[in-house]
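Here's the structure, in structure tokens; my notes come after.
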Amino acid sequence: MYGKGQLPVESSFGIEEEMLSVAYVSSATSKLSQEELIELMHLIREKNPKVGVSGMLLYCEGHFMQVIEGPEEKVMPLYETIQADPRHDRVVTLFEETIEERRFKEWTMGLRQLTARELEQVSGWTGLREAADRVDREDRANRDAVYELLMTFRRTMG
Ligand SMILES: Cc1cc2nc3c(=O)[nH]c(=O)nc-3n(C[C@H](O)[C@H](O)[C@H](O)COP(=O)(O)O)c2cc1C
Numbered sequence: 027m028y029g030k031g032q033l034p035v036e037s038s039f040g041i042e043e044e045m046l047s048v049a050y051v052s053s054a055t056s057k058l059s060q061e062e063l064i065e066l067m068h069l070i071r072e073k074n075p076k077v078g079v080s081g082m083l084l085y086c087e088g089h090f091m092q093v094i095e096g097p098e099e100k101v102m103p104l105y106e107t108i109q110a111d112p113r114h115d116r117v118v119t120l121f122e123e124t125i126e127e128r129r130f131k132e133w134t135m136g137l138r139q140l141t142a143r144e145l146e147q148v149s150g151w152t153g154l155r156e157a158a159d160r161v162d163r164e165d166r167a168n169r170d171a172v173y174e175l176l177m178t179f180r181r182t183m184g
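All residue numbers for the sequence shown refer to this note's numbering, where the first residue is 27 and numbers rise by one.
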């Protein structure tokens with residue numbers, strides 16, 4: 027399974043094999059209230075640990091950005107379920123990559139709601155969808171920018 031000299035990745039989730047990280051942006055079909063967001067978060071926090079999925083979800087003025095990471099065979103079906111969720115549409119995949127180590131292991135799913143102003147201060151973007159607009163033009167640069175943005179908000183989650 028592992029090549030000579032290679033060790034399986036170990037984390038709070040135990041020994042892990044091929045892992046996938048997928049990120050997207052989408053738009054809420056109707057603006058979510060605070061209660062609806064909290065309800066969604068409760069559902070996510072209950073379900074993700076059961077399948078070993080971690081990540082981060084940002085919500086900014088009607089748009090989502092999420093990264094989900096975990097075992098490939100869990101992440102892909104979950105991503106399909108999420109894409110079909112009627113609470114949002116215009117889902118654009120930002121990237122899909124295999125990873126050796128989780129970036130968000132302490133968070134089964136972090137949620138951060140932010141204002142356009144906060145987003146602009148951190149990323150220079152005028153909205154989360156700007157990441158989607160860049161997908162075709164850039165790639166690696168965009169991926170790094172997406173991770174950096176998510177990491178910045180993760181760090182401020184206490
Ligand atoms: C923006 C967004 C992000 C979501 N993220 C997750 C997630 O990380 N994990 C999850 O299980 N469901 C997530 N969901 C919910 C799923 O789309 C789906 O409603 C849920 O998994 C179905 O759960 P159930 O079959 O137990 O009702 C998300 C939904 C939205 C709108």
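Even glycine gets a Cβ: it sits at the ideal position worked out from N, Cα and C.
At a cut-off of 4 residues, the continuous stretches assigned as alpha helix (DSSP H) that sit fully inside the segment 71-147 are 98-109. Residue pairing by DSSP places LEU46 opposite GLY96, THR124 in a beta bridge. One alpha carbon belongs to LYS57, the other to GLY88, and they sit about 5 Å apart. Judged by beta-carbon spacing, VAL101 lies beyond the 8 Å limit of VAL118, meaning their Cβ atoms are not closer than that value. Relative to ARG128, the option among GLU95, MET91, TYR50 whose CA is nearest is GLU95. Between ligand 1 and the CB of GLN139, the shortest heavy atom gap is not smaller than 7 Å. Taking C-beta atoms as the reference points, VAL161 and ALA49 fail to come closer than 8 Å. Taken from the Cβ of ILE108, at least one heavy atom of ligand 1 lies inside 7 Å. Here the segment 101-117 does not lie against the segment 137-152, with fewer than 3 beta-carbon pairs under 8 Å apart.
Remark: the shortest separation between the CB of MET82 and any heavy atom of ligand 1 does not fall under 7 Å. For THR178, the enclosing alpha helix (DSSP H) starts and ends at 166-181.
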